[in-house]
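Numbering (full-length UniProt numbering), first residue to last: 1 to 219.
Glycine is no exception: its CB is placed at the ideal position from the N, C-alpha and C atoms.
Keep in mind it's a predicted model, so treat the numbers as computed, not measured.
Data first, discussion second: the structure below is written as structure tokens.
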């Protein structure tokens, strides 16, 4: 048992070391990729690296600016994927290990944790969990630096027309979590507006993968 415990401890240390190295590398890549994202007038949400053996997967999440409306089209994802792939391939610190580059946008399931997340979703139905546990479902009407204003959706019997309550203002300090609620009619409108692929691909979750230098399946 002592030998097994020691082995587990060493494995845990190796995992922790690798995770720290990947976080540091992700931060370095974020700095390198930021100018390209800025050129496309997008927001760099996150850079994350996963490693399996010698192969790395670099996942980059980009979003539209907070004053933009609608979803990110596949053409936008494709364009920035190409430019980011070039920057990755030309990285002087690239050690020629194979990698895959995946680009996506956050999607409506992303928790709203920052004011700009809320601003991107004005007009949508949001479920808000307040500090203390109370939950409010309402349409997001306005966002300020201090908080949000919702038009609450009152609970009604099944089959009856939804009713709206009086506008409710909540400070961010009172909000524990906010999540966008997908509305069927709203989703249909967005799909029509952005001309999604015929196969139904959702731009919010789309990724355009690129193979890096040193990958036998690369380009």
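Query raised in the report: With residue 101 and residue 84 assumed to form a contact (beta carbons below 8 Å), what rounded beta-carbon distance in angstroms separates them?
Result: 6 Å
Requested in this report: Check each candidate in 152, 134, 117, 28 and name the one with the smallest Cα separation from residue 45.
Outcome: 117
Query raised in the report: Alpha carbon to alpha carbon, how far is residue 5 from residue 15?
Result: 15 Å
Query - Buried or exposed (CB count within 10 angstroms, at least 16 for buried), residue 63 - result: buried
Query raised in the report: In chain order, what residues of the same chain lie with their CB nearer than 7 Å to the CB of residue 194, ignoring the 5 residues before and after it?
Result: Note on residue 194: pLDDT 45, under 50, position unreliable in the model; the coordinate value appears next. Same-chain partners within the cutoff: 70, 71, 73, 203.
**Report entry** residue 222 (DSSP reduced to helix, strand or coil)
**Finding:** Outside the shown range of the chain (1 to 219) lies residue 222, about which nothing can therefore be said.
Report task. For residue 23, count neighbouring C-beta atoms within 10 Å of its own C-beta (all shown protein chains included) and say buried if the count is 16 or more, exposed if not. Result -> exposed
Query raised in the report: Taking three-plus beta-carbon pairs below 8 Å as touching, is the segment 124 to 136 in contact with the segment 166 to 178?
Result: yes
Query raised in the report: When you compare only the Cα positions, how much space is there between residue 139 and residue 179?
Result: 11 Å
Requested in this report: Can you grab the Cα-Cα spacing for the pair residue 192 / residue 183, in whole Å?
Outcome: Any reading at residue 192 must be qualified, since the residue scores a pLDDT of 47, below 50, and its modelled position is unreliable; no value is offered.
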